[in-house]
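Written out below as structure tokens is the structure these notes cover.
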Amino acid sequence: MLPQEEALDTFMTFLHVHGYRKVKGISIDTIKKLVSIILKDNAFANGKKIYKQTTGGAMGSSLTLTLANIFIYIDDIFMTWNRSEEELRKLLDDLNTWHLNIKLDYKIGNSLPFLDVQLTNNNGILSTCVYHKARYSSTFEAFNYERR
16 MLPQEEALDT FMTFLHVHGY RKVKGISIDT IKKLVSIILK DNAFANGKKI YKQTTGGAMG
76 SSLTLTLANI FIYIDDIFMT WNRSEEELRK LLDDLNTWHL NIKLDYKIGN SLPFLDVQLT
136 NNNGILSTCV YHKARYSSTF EAFNYERR
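What follows is the structure, encoded as structure tokens:
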């Protein structure tokens, strides 16, 4: 989950590094206060109980997604490695100690699915083909509004 204070600090650093003093006429200090409210004043209900969210942000919020991307660069990453697999595993395991709430899932091999592509390394030459996930179906049911 996205740590609220660290995400807010990283966001402010991002704005300063990229030279923002105002965004659409709104000062950076005001933006910081508004983002803080959005992150820290989230509540949700489960059954008859109401909970305050203390880590992360609202699911589906475009701001939460933007902050997560700035904080941890959420996305899929592909890389090649010319050293030993043991060294690679050590590097990835070390990266997984960087932050309590951030964990990298990784796959190591000569042939791996990446997004919608199957990548294969044959003696240093990468080849690709279309990859379909196991649940993929090339057929679609006709939409019927009357169905319940």
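Under my numbering, the first residue of the sequence shown is numbered 16, with each subsequent residue one higher. No residue lacks a Cβ here, since even glycine has one placed at the ideal position from N, Cα and C.
Do you know how far the Cα of residue j is from the Cα of residue i?
i, j, result
"Leu127", "Ile117", "23 angstroms"
"Thr143", "Met94", "14 angstroms"
"Ala22", "Ala83", "7 angstroms"
"His114", "Asp24", "15 angstroms"
"Ser99", "Val145", "28 angstroms"
"Asn97", "Asn136", "12 angstroms"
"Gln133", "Ile140", "14 angstroms"
Can the beta-carbon of residue i be found closer than 9 angstroms to that of residue j?
i, j, result
"Gly187", "Met16", "As displayed, the chain neither begins before 16 nor continues past 163, which places residue 187 out of reach and without an answer."
"Leu119", "Leu107", "yes"
For residue i, which option in the options has the closest C-alpha, if you only look at C-alpha atoms?
i, options, result
"His33", "Thr112, Asp56, Ile85 and Ser99", "Ile85"
"Ile92", "His147, Lys122, Gly139 and Leu23", "Lys122"
Leaving out five residues on either side along the sequence, give the residues of the same chain with a beta carbon under 7 angstroms from the beta carbon of residue i.
i, result
"Pro18", "Thr70 and Asn116"
"Ile46", "Val38"
For residue i, collect the residues of the same chain with a Cβ closer than 6 angstroms to its Cβ; drop the 5 residues on either side in sequence, then sort them by chain order.
i, result
"Lys67", "Ala58"
Mind reading off the beta-carbon distance from residue i to residue j? Whole number of angstroms is fine, and I expect it under 8 angstroms.
i, j, result
"Leu78", "Ile41", "So it is not a contact: roughly 14 angstroms between Cβ atoms."
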